[in-house]
Each structure stands twice: as structure tokens, then as C-alpha cells.
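>
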Amino acid sequence: MALKILAATRKGLFTLSKSGTASNPWRVERTDFLADNVSLTLHDARSGRLYAALDHGHFGVKMHVAEAPGAPFVETPAPAYPPKPDDNNDVDMWGKPIPWSTVRVWGLETGGTDQPGVLWCGTLPGGLFRSDDHGKSWNIVDSLWRNPKRSEWMGGGADLPGLHSICVDPRDSNVVRIAVSSGGVWMTRDGGATWSNDNTGMWQDHAPEEHKFNPNGQDAHRLVQAPSQPDRMWIQHHNGIFRSDDSGSVWHEVLNVKPSSFGFAVAVHPKDGDTAWFVPEIKDEKRIQDGGKLVVTRTRDGGKSFDVLSNGLPQTHAYDIIYRHALDVSSTGNDLAFGSTTGGLWVSGDQGDSWTQADARLPPVYAVRFMDV
């Protein structure tokens, strides 16, 4: 099978493939939606379909599907919220009304292998949707949207709450965990009928003391689950890095990570839950690389120690921000790719020991996905 990279960007969806040359091994082979804002993409290995979510601003969110990589994209229904009741007082942290409409698609994942038609979609302003027919129709997960605790969610990276991470347990497709900006991690064991959010062990230093350990206020930037060890989960949190060894019931803070434990992206090795990668930044007001050096950090022992990986990455005046969906690892665990807000795309074939920049100057990169075809 051939390995390709999908890059969803501010100005289109780009497919990259290996060129066979040592100096520029990855090149753009196809463009779709050129000059349009593609917020997220997904390749469904079960069916071969390829999905793209577009944010047209004033004209709204659109979804497109291609029956196979290389096939033409056609528009398909986008997740749509129910009408907002007239007496509903749904407001954000500033008291502004929260729209009951899809502002952006911020999470897109497949269901389990035993649910071939199921897709999950997370959105701003915090809704979760499920499709049972390959995205031809969507239903909001009403039990989560109408949960009273949702009123406590806040924006994180956007003014509205965003549901950005969706993890379907490989042992049981009815067990799903999601992460929300300033809403923490939530779990269902019955396919979405009921939800809980313990988040024991997480804490947030930017909250008043009485809310520091509030499970419903934790600002999880990105949540991933190890496919080969589903009890092992990793979070890049606003506060730092957390690891769970019991499927997300209890979280342990990973300490002493240099140069920083702050960032947005995290990827976990598909066959080794102890191995994970992060792209660090300076926290909060800064949000740039420490010393202008772009590096990736990697742990191979569950967070006890970290390697700082820089070979092939710019080490002077590099101010590339890596969004939460812009780092991915291949199904073998050997290949990594990440894209930045300045349009750089770097690829590694040796688990991050060395990096090569793709032969492209892309628009700002929102999401990166590997695709086996």
C-alpha cells in the first residue's frame, strides 16, 4: 500500500505523496477546494471514502465526500442543530447567546470496525453528532447537548466551546470518549445515551482555587487513545501533559518536560501506548517556540523521560504554531507528519529522529492525516 498525507488548510485540501527523491521526498500530487477553507479531513479506511469539512464563513459549513481517494468530491449534508427554543437562555462565558448552529467542524472520526456506516462529528459550539449511513445524514447526540453541565463549558482557542477529540474504544464501539475545550473529557458506555466526566487528577492553574479541580472545566487541548493498549490515553492539556492508565478514569500529570509541556497536538504510537509525541510551545500569552526553535518531544516510557527531536527542523527564528489536529502518526508508528500555521509541513520516517520538509509552501495548516491507499 502507498502512504499519502492529507493536509487540510486555510486555502484547500492538499494530497502529498513520496516523490522518490532524497532531497524532496514528499510533494503535492493533488489539490481540492483550492482557495477554500478546509477545516478538517478524514479518510475512512473501512469504506475507502474521503471526507472534507469546509468553513465558508458567512455561507456556513459544508461537508463533501469522495467515494475513494482521487474520486471527485460531492456535497453531502452537514451536521445541523435543532431549532433553538424561544425560552432558551443558552449563553457563553461573556453572556452572549450561543448559536444552535454548526459554526465549524472540529472533530471527525470513524466508528468501530463493527459499525461500518458510523461516523462521529464534533463541532463548535460544542455539539456531538452521529451518522449511521456514511455521513448521508446526521443526528445530534441530544443527551450531551442538553446536559445541564454543558452550560459551564467555555471557549478555548475560539470564543465558543469546541468538541475537538473523539476516541472510539477498539474493544467496544459503544464506549466513546470526547474532549471539549474547557469542558474536559466525557465518556459514554452506551453509544451516547448517557455520559459522565470524572477527570480525576486534572487541574487548571488559570481558574480560581475553588474551580481548579472542577472536572467540567478542564481545558483539554487534544485527547488520543492507544489502539493497542486502549487503557492508555494521553492529553495535551492547557496545564501540561496528562496520562491515564485506566481508560480515562484517573489522570496523572507528566512532570519535568523540557523545553515545555504546553502545546496543542499529541499523537500516540498505534502499537505502543508508552510512546507519544508532542510539539511544545511557550504557554499562554507567548504561544511561540522556546528560543525560536521548532522541536518535537517524544517519550518512549510513558512520560518518565523525553527526547527533544530537532534534526531537520528549523532552529532559528521559527515561529510555527501547530494546531491540535496538525500532528499525525502512520498506522505502522514509524512515520510522523505535522503542519504549521506558516505553511510548513515536516515528515519523519524514523519516529521523529529526523525530519524533512515537504516540497510545498502551503497555506496555514489546520489538520494533517496519513492515508494508506
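Quick note, the sequence shown lines up with residues 33 to 405 if you use this note's numbering. Note that the Cβ used here is the ideal one computed from N, Cα and C, for glycine as well. Small disclaimer: the values here were computed from a predicted structure and weren't measured.
(1) Note down the Cα distance separating Thr331 from Pro117, rounded to an integer number of angstroms.
(2) Thinking just about the alpha-carbon of each residue, which of His253, Asp278, Asn231 is nearest to the one in Ala299?
(3) Report yes if the CB atom of Asp286 is closer than 8 Å to the CB atom of Ser276, and no otherwise.
(4) Rounded to whole angstroms, what's the CA-CA distance from Phe310 to Ala258? Just pull it up for me.
(5) If contacts are defined as beta-carbon pairs under 8 Å, then Leu195 and Leu160 qualify, I think. What distance do you get, rounded to the angstrom?
(6) On a CA-only basis, which of Gln261, Phe338, Lys325 is nearest Pro302? Give me that one, please.
(7) List in chain order: all unbroken beta strand (DSSP E) runs of 3+ residues lying wholly within the stretch 34–63.
(8) Using a Cβ-Cβ cut-off of 7 Å (strictly less than) and excluding sequence neighbours within five positions of Asp222, which residues of its own chain qualify?
(9) Give the DSSP-derived three-state secondary structure of Phe91 in the structure shown.
(10) Pick helix, strand or coil for Leu66, following the three-state DSSP scheme.
(11) Rounded C-beta distance between Thr373 and Pro396? I'm assuming under 8 Å.
(12) Among Thr348, Ser133, Lys50, which one has its Cα closest to the Cα of Gly89?
(13) Quick check: the Cα distance between Pro291 and Trp378, rounded to an integer number of angstroms?
(14) From what residue to what residue does the beta strand (DSSP E) around Ser197 run?
(15) Measuring CA to CA, which of Ile130, Ser279, Val256 is closest to Thr232?
(16) Between the C-alpha atoms of Gly127 and Val340, what's the straight-line distance to the nearest angstrom?
(17) Assuming Leu45 and Ala77 form a contact by the criterion Cβ under 8 Å, report the distance between their Cβ atoms to the nearest whole angstrom.
(18) Between the Cα of Leu156 and those of Phe402, Gly188, Tyr398, Thr348, spot the shortest distance and give me the residue it belongs to.
(19) Could you compute how far the alpha carbon of His357 sits from the alpha carbon of Asp119?
Taking the coordinates as given:
(1) 48 Å
(2) His253
(3) It should be noted that the sequence gives Val, not Asp, for residue 286. Going by C-beta atoms, Val286 is not nearer than 8 Å to Ser276.
(4) 15 Å
(5) 6 Å
(6) Gln261
(7) 35–41, 44–50
(8) Asn206
(9) helix
(10) coil
(11) 5 Å
(12) Ser133
(13) 20 Å
(14) 195–200
(15) Ser279
(16) 42 Å
(17) That pair is no contact at about 18 Å.
(18) Gly188
(19) 36 Å
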